[in-house]
Amino acid sequence: MKKKILGLVTLAAAITIGLAACGGSGSSKTSSTKDSSSVATSKFPEMIENKSKSIDGGTLNVAMPYDTQFQGVFSYALDEDAYDDMLLGISEQYLLNTDKNFKYTDTGLATPTFDNENKKVTITLKKDLKWSDGE
131 MKKKILGLVT LAAAITIGLA ACGGSGSSKT SSTKDSSSVA TSKFPEMIEN
181 KSKSIDGGTL NVAMPYDTQF QGVFSYALDE DAYDDMLLGI SEQYLLNTDK
231 NFKYTDTGLA TPTFDNENKK VTITLKKDLK WSDGE
């Protein structure tokens with residue numbers, strides 16, 4: 131009986147030591163060196179208004195404070211980040227758009243025409259579209 135109790139106490143002690151060794155240190159510090167390039171995003175104002183007249187040919191620079199590195203994955207199939215998804219949403223131009231009932235509209239870059247009898251769809255590109263090869 132004493133051997134059984136001694137064995138259970140030894141097993142419990144080994145498990146406790148093993149779990150303690152695997153656990154975190156409890157400290158929120160991840161590194162002893164301070165990264166001089168990081169800035170608390172709370173120091174930036176959420177919005178800045180400029181009441182001046184706009185400049186023809188001017189450039190609007192926009193910043194999005196974020197606590198981790200920007201991933202920059204501009205693909206709905208691959209993005210995993212809300213910021214990538216948001217930026218993709220405002221920069222993506224759709225060939226065909228749908229309304230709230232998922233019916234095709236003519237607000238995209240092209241307009242679909244459906245021929246149900248022949249089971250065909252004709253997609254007509256709008257005039258004056260500008261194409262870019264990305265350069």
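In this note's numbering, the protein residues as written are 131 to 265. Don't be surprised by glycine CBs; every beta carbon is placed ideally from N, CA and C.
Under the DSSP definition of a beta bridge, which residues are partnered with residue i?
| i | result |
| --- | --- |
| Thr-241 | Thr-254 |
Compute the Euclidean distance between the alpha carbons of residue i and residue j, then round it to the nearest angstrom.
| i | j | result |
| --- | --- | --- |
| Ile-103 | Lys-132 | In the structure as shown, the chain starts at 131 and stops at 265, and residue 103 therefore has no counterpart that could be examined. |
| Thr-237 | Leu-208 | 26 Å |
| Thr-198 | Met-177 | 20 Å |
| Ile-269 | Lys-134 | Because the chain in this structure spans residues 131 to 265, residue 269 falls outside the shown range and cannot be described. |
On a Cα-Cα basis, can you pick out the residue from the options that is closest to residue i?
| i | options | result |
| --- | --- | --- |
| Lys-260 | Lys-249, Leu-239, Asp-245 | Leu-239 |
CB residue i to CB residue j, shorter than 7 Å?
| i | j | result |
| --- | --- | --- |
| Gln-201 | Asp-211 | yes |
| Asn-248 | Thr-235 | no |
| Thr-241 | Thr-252 | no |
| Tyr-213 | Tyr-224 | no |
Specify the secondary structure class of residue i as computed by DSSP and reduced to three states.
| i | result |
| --- | --- |
| Tyr-234 | strand |
| Ser-161 | Note that Ser-161 scores a pLDDT of 49, beneath 50, so its modelled location is shaky and nothing firm can be said. |
| Thr-198 | coil |
| Thr-228 | strand |
| Ile-185 | coil |
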